[in-house]
Amino acid sequence: MVTGGLPVYGFTKAFSSFAQGSIVGIPNQVILTIILFIIFIYALAKTTLGRYLYGVGGNEEASRLSGIGVTKIKLMAYGLSGFLAGIAGLVLLSRTSSGQPSAGSGYEMDAITAVVLGGVSLNGGEGKLHMVVIGMLIMGVLTTGMIMCGINDYVQQFVKGIVLILAVAYSEISKKIRSRMIVTE
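Each residue of the sequence shown is one higher than the last, beginning at 1 in full-length UniProt numbering.
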C-alpha cells in the first residue's frame with residue numbers, strides 16, 4: 001500500500017464539503033443517488049445493454065447461443081460496478097474527510113441485504129432497480145432504528161444477518177413455488 005495502512009488526511013475544503021452540502025435542503029449524496037438511479041433504471045429498462053445484462057445474468061449459455069457477446073457484457077457489468085464503487089468511495093471519503101483503510105467495512109452486508117430484500121435473485125437475471133430502492137429504505141430504517149435504540153454493533157450485524165437469511169430463504173421458496181405452478185399449468 002502507498003500509505004502503509006495509515007489514514008490519509010488533508011483534503012480540500014471544497015471536496016470535504018460535498019458530503020455535508022445540500023441543494024434546496026436535499027443532501028448532495030441523495031441528489032447524486034437519485035440521478036444515478038434514474039440513469040440506471042432507464043438504461044436497464046430501455047437499452048440493449050440492459051436487456052443483455054438481464055439475459056446474461058439469467059442464462060449465460062442461452063445468451064451466448066443467441067449471439068450476445070457474453071464476455072463483453074460481463075466485462076461491462078464489472079466495469080460499471082467498479083465505477084459505481086469508486087463513486088461510493090469518493091462520497092465516503094468526502095463524508096469522513098479522511099481516507100481510512102477500514103472505511104466502509106460492514107457496508108457490504110447492508111448492500112447485499114438491501115438488494116435481496118429488493119427482490120434481486122442471487123442467481124442473477126431477476127430483479128428491478130426500483131425495488132432495490134425499497135430494500136435500501138428498509139435497511140436504512142432498520143439500521144437507524146437499531147442505532148436509536150442503542151443496540152450495539154455486534155447485535156446489529158446479527159440482526160442484519162438474520163434479515164439476509166430470511167430474505168434469501170423467501171426468495172428461494174417463492175421461486176420453487178412459481179416453478180411448480182408453471183409445471184402444473
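Glycine is no exception: its CB is placed at the ideal position from the N, C-alpha and C atoms.
These numbers come from a predicted model, not from an experiment.
If you follow the alpha helix (DSSP H) that Ile134 is part of, which residue opens it and which one closes it?
Position 134 of the sequence shown, counted from the first residue, corresponds to residue 134. Per DSSP, Ile134 belongs to the alpha helix (DSSP H) from Leu129 to Met148.
By a C-beta neighbour count over all protein chains shown, 10 Å radius and 16 as the cutoff for buried, is Thr113 buried or exposed?
Residue 113 sits at position 113 when you count from the first residue of the sequence shown. Under this definition Thr113 is a buried residue.
Determine the direct distance from the alpha carbon of Val116 to that of Ser171, and round the result to whole angstroms.
The sequence position of residue 171 within the sequence shown is 171, counting from 1. The sequence position of residue 116 within the sequence shown is 116, counting from 1. Per the coordinates, the alpha-carbon of Ser171 lies some 8 Å from the alpha-carbon of Val116.
Rounded to whole angstroms, what is the Cα-Cα separation between Phe40 and Thr33?
The sequence position of residue 40 within the sequence shown is 40, counting from 1. The sequence position of residue 33 within the sequence shown is 33, counting from 1. Distance between the alpha carbons of Phe40 and Thr33 is about 11 Å.
For Ile23, which residues of its own chain have a beta-carbon under 8 Å away from its beta-carbon, when the five flanking residues on both sides are left out?
Here residue 23 refers to the residue found at position 23 of the sequence shown. Only Ile31 meet the Cβ criterion.
Status (buried if at least 16 other CB within 10 Å, exposed otherwise) for Ser94
The sequence position of residue 94 within the sequence shown is 94, counting from 1. Of the residues assessed, Ser94 falls on the buried side of the cut-off, its CB having 16 or more other CB atoms within 10 angstroms.
Gly4 to Lys128 span [Cα, whole Å]:
Translated into the one-based positions of the sequence shown, residue 4 becomes position 4. Translated into the one-based positions of the sequence shown, residue 128 becomes position 128. Annotation: Gly4 to Lys128 spans about 41 Å, alpha carbon to alpha carbon.
Quick one: grab the DSSP three-state call for Gly86.
By one-based count along the sequence shown, residue 86 stands at place 86. In this structure, Gly86 counts as helix in the three-state DSSP scheme.
Compute the minimum distance between the beta carbon of Val30 and the heavy atoms of the ligand FMN, and state whether it is under 8 Å.
This structure lacks the ligand FMN, and indeed carries no ligand of any kind.
What's the C-alpha gap between Thr96 and Gln20?
The count along the sequence shown starts at 1 and reaches residue 96 at position 96. The count along the sequence shown starts at 1 and reaches residue 20 at position 20. Looking at the two C-alpha atoms, the distance is approximately 10 Å.
Consult DSSP for Gly69 and reduce its assignment to one of helix, strand or coil.
Within the sequence shown, residue 69 is the residue found at index 69, counting from 1. It is coil, neither helix nor strand.
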